[in-house]
Amino acid sequence: TVGAAVISSFYNKPLFTWGLSTSSDFDNVARFPMLGLLSVNSYSLGVALSAVLLAFDWTQFAFVYSNLNDDQTCEIMKDDLQ
Numbered sequence: 006t007v008g009a010a011v012i013s014s015f016y017n018k019p020l021f022t023w024g025l026s027t028s029s030d031f032d033n034v035a036r037f038p039m040l041g042l043l044s045v046n047s048y049s050l051g052v053a054l055s056a057v058l059l060a061f062d063w064t065q066f067a068f069v070y071s072n073l074n075d076d077q078t079c080e081i082m083k084d085d086l087q
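Going by my numbering, the sequence shown opens with residue 6, and the numbers climb by one from there.
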């Protein structure tokens, strides 16, 4: 989806994304001025997770995932949560 966002910015055409468009790279409005996200990104999910951890006074959580047959699955989310 990052590639599509770059192309939409280059041609000055709007792009609306949904679903697995979770990269925090999309927060860069200067780079992606034509992008409209219709879902939260992984940075926002990390902020929400942090709020839950603080609210319950939890100090640990587990992020369990598998990238079997897809090397990029969850990698962006894992990086943004760190």
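Each residue gets a CB set at the ideal place from its N, CA and C atoms; glycine is no exception.
- Item | Cα-Cα separation, F31 to A56 | 22 Å
Exercise for the section: For A10, count neighbouring Cβ atoms within 10 angstroms of its own Cβ and tell me buried if that reaches 16, exposed if not. Expected result: buried
Exercise. For the alpha helix (DSSP H) that F15 lies in, which residues bound it at each end?
Worked result: 7-15
In three-state terms, what does DSSP make of L20?
strand
Which residues mark the beginning and the end of the alpha helix (DSSP H) in which L58 is found? 47-60
message = So, under 8 Å CB-CB, W23 and L40 are touching, yes? Tell me the CB distance rounded to an integer number of Å.
response = 12 Å between Cβ atoms; not a contact.
| query | Would a C-beta distance cut-off of 8 Å place T6 and S26 closer than the cut-off? | reply | yes
Can F68 and L50 be called in contact, C-beta distance under 8 Å?
no
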